[in-house]
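I have placed the structure first, in the form of C-alpha cells, so that the comments after it can refer back to it.
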Amino acid sequence: MAGTTLLGRLAWYVAAVIEAHEETQTARTLVLDVPGWPGHNAGQHVDVRLRAEDGYAAVRSYSIASAAQDARVALTVEELTDGEVSPYLVRTVAPGDRLEIRGPVGGWFVWRPAFIEPVQLIAGGSGLVPLMAMIRTRSAAGLRTPFRLIYSVRSPQSAIYAAELRQRALEDQGLTIAYAYTRVTPPGWPAPPKRVDAALLSEAAFSSAQAPACYVCGPTAFVEAVAALLEQAGHDPQRIKTERFGPTGGTS
Amino acid sequence: MLDDRNETPIVSRGFVGRRRAENASLPPGQYLTEDFPVLSAGPTPKIALDDWQFTLTTEDGAARKWNWKEFRALPSVSITTDIHCVTRWSKLATAWEGVSLDTLLDGVTTAATFAMAQSYGGYTTNLPLADLRGAKAWIAFRFGGENLAPEHGGPARLLVPHLYLWKSAKWIRGITLMLQDRPGFWESLGYNNYGDPWREQRYWGD
Numbered sequence: 001m002a003g004t005t006l007l008g009r010l011a012w013y014v015a016a017v018i019e020a021h022e023e024t025q026t027a028r029t030l031v032l033d034v035p036g037w038p039g040h041n042a043g044q045h046v047d048v049r050l051r052a053e054d055g056y057a058a059v060r061s062y063s064i065a066s067a068a069q070d071a072r073v074a075l076t077v078e079e080l081t082d083g084e085v086s087p088y089l090v091r092t093v094a095p096g097d098r099l100e101i102r103g104p105v106g107g108w109f110v111w112r113p114a115f116i117e118p119v120q121l122i123a124g125g126s127g128l129v130p131l132m133a134m135i136r137t138r139s140a141a142g143l144r145t146p147f148r149l150i151y152s153v154r155s156p157q158s159a160i161y162a163a164e165l166r167q168r169a170l171e172d173q174g175l176t177i178a179y180a181y182t183r184v185t186p187p188g189w190p191a192p193p194k195r196v197d198a199a200l201l202s203e204a205a206f207s208s209a210q211a212p213a214c215y216v217c218g219p220t221a222f223v224e225a226v227a228a229l230l231e232q233a234g235h236d237p238q239r240i241k242t243e244r245f246g247p248t249g250g251t252s
Numbered sequence: 253m254l255d256d257r258n259e260t261p262i263v264s265r266g267f268v269g270r271r272r273a274e275n276a277s278l279p280p281g282q283y284l285t286e287d288f289p290v291l292s293a294g295p296t297p298k299i300a301l302d303d304w305q306f307t308l309t310t311e312d313g314a315a316r317k318w319n320w321k322e323f324r325a326l327p328s329v330s331i332t333t334d335i336h337c338v339t340r341w342s343k344l345a346t347a348w349e350g351v352s353l354d355t356l357l358d359g360v361t362t363a364a365t366f367a368m369a370q371s372y373g374g375y376t377t378n379l380p381l382a383d384l385r386g387a388k389a390w391i392a393f394r395f396g397g398e399n400l401a402p403e404h405g406g407p408a409r410l411l412v413p414h415l416y417l418w419k420s421a422k423w424i425r426g427i428t429l430m431l432q433d434r435p436g437f438w439e440s441l442g443y444n445n446y447g448d449p450w451r452e453q454r455y456w457g458d
C-alpha cells in the first residue's frame, strides 16, 4: 500500500485511458489502466502530467475516485474555465490515449477499512471525489461502518455521482446522504437554496458525542466555514481532516 | 514505471497547454498566482494574543519563552520574498514583517543541527537548523501590511521562503532544536524531507 514504503521514490507511471464518461456538463470521469500501479488509499490524489509535441509539460493534482480495491484508477475532473489541464481532461482526451501519473500522494486525508469509528463526510462541489473513494472502498470491503455524507452543490445538475449515491443509500442502511443546494433546488424541494449550516449539521451529521472522524473537502471558503461549524458543534479539531481545492487550491 | 532519467516522453495527443512567458523567478513545475491559496490539514486554530506564547527549546530541554508582548518588542524586519507551494503555485514579491530567527537564536548555546517547528493545532515540520539562520527565516506576523490572517497562519507563522511553503509552519508556537533529524507531519506522509523548490523536491526521494 502507498505510504508504507518508507522514503521510496514516488514513481511516474504510464496510464492508458480505458473509459471516459460525463458526470455533469463540466465534469468527466476517466478510468485509467496503470501497469505497475502500487494501489492507493481512499482519499489520496495523483499528479497528472500532460506533454505537448514540443516537450512542454503541465502537471496538476487530481483526487482518486475509485475504491482502494479497484485495480484501475478513476479520476473525476471538474473543468475550470481558466484551467490549463482540466479542459483537456474533460473535453479532449479519449479512450486509447495515454497520460503520465505520479502517486499515490498524501497520507493524511485517507480512510482505511480498518478504521472503525463512524465517518462524517462533508463535500462541496467536486470535493466529493476523494470522499466517494471512501464510500466505494467501504462498500467494496463489505463493511457497515456508519457513514454519513453531506453534499453541498449549486444545483441538481451540478451534482456528480448522483445516481450511484441514490442507489447506494437505498441498498445500504449504514450510509445516509443529505444535500445542501446552494443556488437551485430540485423541483418540490422543501426549503429554499442554502449553504451547509448548523441546522443541517444537527439534522444530518453525527453529533460530537458520537465522535465521528470528519472529512471535509471542497473550495477553501467552504472548508473554512464547515470546519468552523463542526468545531462549534463540539467536534474535536483533531478529528476533523480537511482537504482544500478548486481554482485557488492549486488544481486546475 | 518510468525512470525520469531515461524515459520515452508520452505525448498527450492534442495538448498544447498555455505557455507562459519564461520567468526566471519561477522554480520548475510552478505557475504564478495572484491569489493566496490556503492549504491546511485541519481546522484553522483560533489563538487569542493573550494566550499566545512562543517557546524555543534546545536539545537539553532549556527553554526560552516569549509572550505576544515580549515577542512584539523584539526588533522586526520587512521581508519581500517569493513563496512557492508544493501544490504548484508561486506568488512573487510578497511583503511580510517578522522577527528573524537569528534574533530569537541569538545567544542560544546548542550543538543541534536540526529543528522541529511546532504549531497550535498539532502541526509539525522539520528543517536543518542552518536553514533557520543567516537571515533566511522569520516568525512573521504581518502580511501585505495587515496583521496575518488566521487562515494564513496568524497570529504568527514561520516563514522560510527558500523552501516549499509547508515548511513555513502556520500558527507557530515553538521550535525545538534536535541533534538528530526526524520527520514532521507532511514529511511522514510522503512529502520531501527538505523541500527545495529549485530542485523540485516535492515528494519522498525527489
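Note that the protein sequences, when read in sequence, are chains G and A.
Count the first sequence with this note's numbering and you get residues 1 to 252, in order.
Count the second sequence with this note's numbering and you get residues 253 to 458, in order.
For glycine and all other residues, C-beta sits at the position ideal for the given N, C-alpha and C.
- Ala141 (chain G) is positioned such that its CB atom lies no closer than 9 Å to that of Gln44 (chain G).
- Residue pairing from DSSP places Phe395 (chain A) in a beta bridge opposite A:Trp348 and A:Glu398.
- Chain-ordered, the chain G residues with CB closer than 7 Å to the CB of Tyr455 (chain A) read Leu10 and Val105.
- Non-local C-beta neighbours of Leu165 (chain G) in its own chain, meaning closer than 6 Å and more than five positions away in sequence, comprise Ile177, ordered along the chain.
- Under the Cβ distance rule, Trp438 (chain A) counts among the residues neighbouring chain G, one pair being separated by less than 9 Å.
- Interface annotation for the stretch 106-132 of chain G against chain A: Gly106, Gly107 and Trp108, criterion Cβ-Cβ distance under 7 Å.
- Annotation: the continuous beta strand (DSSP E) that includes Val73 (chain G) extends over Val73 to Glu78.
- Every alpha helix (DSSP H) of 4 residues or more that sits fully in the stretch 348-384 of chain A is shown, in chain order, as 353-357.
- In the DSSP secondary-structure assignment, Val216 (chain G) is bridged to G:Ile122 and G:Thr242.
- For Pro104 (chain G), no alpha helix (DSSP H) encloses it; the enclosing beta strand (DSSP E) starts and ends at Arg98 to Val105.
- The beta carbons of Thr377 (chain A) and Trp341 (chain A) sit about 19 Å from each other, so the pair does not count as a contact at 8 Å.
- In this structure, DSSP gives Trp450 (chain A) a helical state, which the three-state scheme calls helix.
- Closest option to Pro212 (chain G), judged by alpha-carbon separation, among G:Thr145, G:Val184 and G:Leu170: G:Thr145.
- Taking C-beta atoms as the reference points, Ile122 (chain G) and Tyr215 (chain G) count as a pair closer than 9 Å.
- Ile101 (chain G) places its beta carbon less than 9 Å from that of Val48 (chain G).
- Between Ile299 (chain A) and Met368 (chain A), the CB-CB gap reaches or exceeds 9 Å.
- Using a Cβ-Cβ cut-off of 8 Å, Gly55 (chain G) is close to Pro261 of chain A, given in chain order.
- When G:Glu22, G:Thr29 and G:Asp33 are compared, the shortest CA-CA separation from Val14 (chain G) is found for G:Asp33.
- Shown in chain order are the members of the stretch 380-409 of chain A whose Cβ falls below 8 Å from a Cβ of chain G: Glu403.
- The C-alpha of Ala347 (chain A) lies about 44 Å from the C-alpha of Asp97 (chain G).
- Legend: CB atoms of the stretch 57-74 of chain G lying less than 9 Å from CB atoms of chain A belong to residues Ala57, Ala58, Val59, Arg60 and Ser61.
- In the structure shown, Trp418 (chain A) falls within a helical segment according to DSSP collapsed to helix, strand and coil.
- Under the Cβ criterion of 9 Å, Pro237 (chain G) is counted among the residues facing chain A.
- The beta carbon of His235 (chain G) sits closer than 7 Å to those of Ser208 and Cys214, all from its chain and outside the five residues before and after it, given in chain order.
- About 19 Å separates the beta carbons of Pro407 (chain A) and Leu291 (chain A), which is beyond the 8 Å limit, so they are not a contact pair.
- Around the beta-carbon of Pro449 (chain A), 16 or more other beta-carbon atoms lie within 10 Å, marking it buried.
- Taking the Cβ atoms as the reference, Ser63 (chain G) lies roughly 11 Å from Val73 (chain G), outside the contact range of under 8 Å.
- Across the structure, Lys388 (chain A) and Ser330 (chain A) are spaced so that their CA atoms are roughly 12 Å apart.
- Following the DSSP letters along the chain, one finds Glu203 (chain G) inside the alpha helix (DSSP H) bounded by residues Ala198 to Ala204.
- For the stretch 349-373 of chain A, the set of residues with a beta-carbon nearer than 7 Å to any beta-carbon of chain G comprises Gly373, in chain order.
- Between the alpha carbons of Val46 (chain G) and Leu344 (chain A) lies a distance of about 26 Å.
- Beta-bridge partners assigned by DSSP to Val14 (chain G): G:Glu100.
- With a beta-carbon spacing of about 7 Å, Phe222 (chain G) and Ser152 (chain G) fall inside the 8 Å limit used to define contacts.
- Val129 (chain G): member of the alpha helix (DSSP H) spanning Leu128 to Ala140, first to last residue.
- In the three-state reduction of the DSSP assignment, Leu291 (chain A) falls in the coil class, being assigned neither a helical nor a strand state.
- In this structure, the beta-carbon distance from Leu230 (chain G) to Gln120 (chain G) falls below 9 Å.
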